[in-house]
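Student: Input: one structure, supplied below.
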Amino acid sequence: PPAFVALRDRRPGATNPVEYGGPAVAAQQRAGYPDLAPAVLPVPPAQAVARAAAVARELGWTVVAVDPAAGRVEASDRTRWFGFTDDVVVRVAPQGTGSRVDVRSLSRVGGSDVGANARRVRAFLARLTGGA
(Lines of atoms letter the chains of each structure in order from A and count residues from 1; the text may use other names and numbers.)
(Lines give C-alpha, C1' and ligand atoms only; values in the text may rest on other atoms or scores of the structure.)
Protein backbone atom coordinates (compact mmCIF):
# COMPACT_ATOMS: atom_id res chain seq x y z
CA PRO A 1 0.00 0.00 0.00
CA PRO A 2 1.06 3.60 -0.47
CA ALA A 3 3.17 5.06 2.32
CA PHE A 4 2.67 8.42 3.97
CA VAL A 5 5.64 10.77 3.62
CA ALA A 6 4.54 14.41 3.91
CA LEU A 7 1.85 13.63 6.50
CA ARG A 8 3.97 11.24 8.54
CA ASP A 9 4.93 13.91 11.08
CA ARG A 10 1.96 16.23 10.54
CA ARG A 11 -0.78 14.31 12.33
CA PRO A 12 -1.34 16.09 15.67
CA GLY A 13 -3.15 13.96 18.21
CA ALA A 14 -3.07 10.87 16.01
CA THR A 15 -3.19 7.59 17.89
CA ASN A 16 -3.25 5.32 14.82
CA PRO A 17 0.23 4.77 13.34
CA VAL A 18 0.93 5.53 9.67
CA GLU A 19 2.71 2.20 9.19
CA TYR A 20 0.58 -0.36 7.37
CA GLY A 21 -0.65 -3.27 9.49
CA GLY A 22 0.76 -6.02 7.27
CA PRO A 23 -0.67 -9.21 5.76
CA ALA A 24 -3.37 -9.72 8.41
CA VAL A 25 -4.80 -6.26 7.77
CA ALA A 26 -4.57 -6.78 4.02
CA ALA A 27 -6.56 -10.02 4.32
CA GLN A 28 -9.24 -8.30 6.43
CA GLN A 29 -9.52 -5.48 3.92
CA ARG A 30 -9.83 -7.86 0.95
CA ALA A 31 -12.54 -9.81 2.78
CA GLY A 32 -14.46 -6.75 3.93
CA TYR A 33 -14.06 -4.59 0.83
CA PRO A 34 -13.49 -6.88 -2.18
CA ASP A 35 -14.57 -4.12 -4.57
CA LEU A 36 -11.67 -1.85 -3.64
CA ALA A 37 -8.77 -2.25 -6.04
CA PRO A 38 -6.25 -0.03 -7.80
CA ALA A 39 -7.47 1.93 -10.80
CA VAL A 40 -5.72 1.90 -14.15
CA LEU A 41 -5.83 5.13 -16.15
CA PRO A 42 -4.91 5.47 -19.84
CA VAL A 43 -2.68 8.48 -19.18
CA PRO A 44 0.98 8.93 -18.22
CA PRO A 45 1.80 9.11 -14.49
CA ALA A 46 2.34 12.89 -14.44
CA GLN A 47 -1.19 13.41 -15.78
CA ALA A 48 -2.60 10.85 -13.35
CA VAL A 49 -0.95 12.64 -10.41
CA ALA A 50 -2.39 15.98 -11.55
CA ARG A 51 -5.83 14.40 -11.96
CA ALA A 52 -5.60 12.74 -8.54
CA ALA A 53 -4.77 16.08 -6.89
CA ALA A 54 -7.65 17.76 -8.73
CA VAL A 55 -10.10 15.05 -7.65
CA ALA A 56 -8.94 15.35 -4.04
CA ARG A 57 -9.66 19.09 -4.17
CA GLU A 58 -13.04 18.50 -5.86
CA LEU A 59 -13.97 16.21 -2.97
CA GLY A 60 -13.11 18.99 -0.51
CA TRP A 61 -9.95 17.39 0.83
CA THR A 62 -7.03 19.51 2.01
CA VAL A 63 -4.16 18.60 -0.31
CA VAL A 64 -0.95 18.61 1.71
CA ALA A 65 1.56 17.41 -0.89
CA VAL A 66 1.73 16.70 -4.61
CA ASP A 67 4.94 15.03 -5.78
CA PRO A 68 4.77 14.14 -9.49
CA ALA A 69 8.32 12.75 -9.49
CA ALA A 70 7.46 10.28 -6.72
CA GLY A 71 3.94 9.69 -8.04
CA ARG A 72 2.32 10.69 -4.77
CA VAL A 73 -0.51 12.90 -3.53
CA GLU A 74 -1.26 13.29 0.18
CA ALA A 75 -4.36 14.92 1.63
CA SER A 76 -6.54 15.16 4.71
CA ASP A 77 -10.31 14.98 4.99
CA ARG A 78 -12.70 15.60 7.86
CA THR A 79 -15.57 13.26 8.65
CA ARG A 80 -18.99 14.78 8.28
CA TRP A 81 -20.57 13.93 11.63
CA PHE A 82 -17.81 14.12 14.20
CA GLY A 83 -15.20 16.19 12.38
CA PHE A 84 -12.41 13.63 12.76
CA THR A 85 -9.45 14.20 10.46
CA ASP A 86 -8.43 11.26 8.30
CA ASP A 87 -5.42 11.11 5.99
CA VAL A 88 -5.18 9.87 2.41
CA VAL A 89 -2.20 8.94 0.28
CA VAL A 90 -2.43 8.25 -3.45
CA ARG A 91 0.35 6.43 -5.26
CA VAL A 92 0.68 6.58 -9.05
CA ALA A 93 2.98 4.23 -10.94
CA PRO A 94 3.48 3.52 -14.63
CA GLN A 95 1.59 0.52 -15.95
CA GLY A 96 1.85 -0.32 -19.62
CA THR A 97 1.05 2.85 -21.55
CA GLY A 98 -0.94 4.28 -18.63
CA SER A 99 -0.87 4.52 -14.86
CA ARG A 100 -1.88 2.42 -11.88
CA VAL A 101 -3.40 4.37 -8.99
CA ASP A 102 -3.47 2.96 -5.44
CA VAL A 103 -5.23 4.77 -2.60
CA ARG A 104 -4.97 4.41 1.16
CA SER A 105 -7.12 6.24 3.70
CA LEU A 106 -6.28 6.15 7.40
CA SER A 107 -8.14 7.46 10.43
CA ARG A 108 -6.00 9.40 12.85
CA VAL A 109 -7.93 8.16 15.89
CA GLY A 110 -10.31 5.36 16.80
CA GLY A 111 -10.39 1.61 16.53
CA SER A 112 -13.14 1.44 13.91
CA ASP A 113 -14.05 3.92 11.22
CA VAL A 114 -17.38 2.15 10.47
CA GLY A 115 -16.46 2.08 6.79
CA ALA A 116 -15.64 5.78 6.40
CA ASN A 117 -12.23 5.16 4.84
CA ALA A 118 -13.61 2.63 2.36
CA ARG A 119 -16.36 5.07 1.33
CA ARG A 120 -13.75 7.79 0.88
CA VAL A 121 -11.58 5.56 -1.33
CA ARG A 122 -14.64 4.47 -3.38
CA ALA A 123 -15.72 8.08 -3.95
CA PHE A 124 -12.21 9.08 -4.98
CA LEU A 125 -11.76 6.19 -7.41
CA ALA A 126 -15.23 6.69 -8.91
CA ARG A 127 -14.54 10.33 -9.63
CA LEU A 128 -10.99 9.65 -10.80
CA THR A 129 -12.16 7.07 -13.33
CA GLY A 130 -15.15 9.12 -14.46
CA GLY A 131 -17.84 7.19 -12.62
CA ALA A 132 -19.05 10.11 -10.50
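Position one of the sequence shown corresponds to residue 558 (our numbering), numbered consecutively onward. The beta carbon of each residue, even a glycine, is placed where N, CA and C say it ideally should be.
What are the start and end residues of the beta strand (DSSP E) that includes Arg-635?
Tutor: 629-635 is the extent of the beta strand (DSSP E) around Arg-635.
Student: May I have the straight-line CA-CA distance separating Trp-618 from Asp-592, to the nearest angstrom?
Tutor: Roughly 23 Å between the two C-alpha positions.
Student: Determine the direct distance from the alpha carbon of Ala-650 to that of Pro-697, and round the result to whole angstroms.
Tutor: The chain is shown from 558 up to 689; residue 697 falls before or after that span and cannot be answered.
Student: For Pro-595, which residues does DSSP report across the bridge?
Tutor: DSSP, once it has assigned bridges, lists no residue as partnering Pro-595.
Student: Using DSSP with H/G/I as helix, E/B as strand and the rest coil, what is Arg-568?
Tutor: In this structure, Arg-568 counts as coil in the three-state DSSP scheme.
Student: Grab the span of the alpha helix (DSSP H) containing Gly-589 for me, first residue to last.
Tutor: First-last of the alpha helix (DSSP H) with Gly-589: 580-589.
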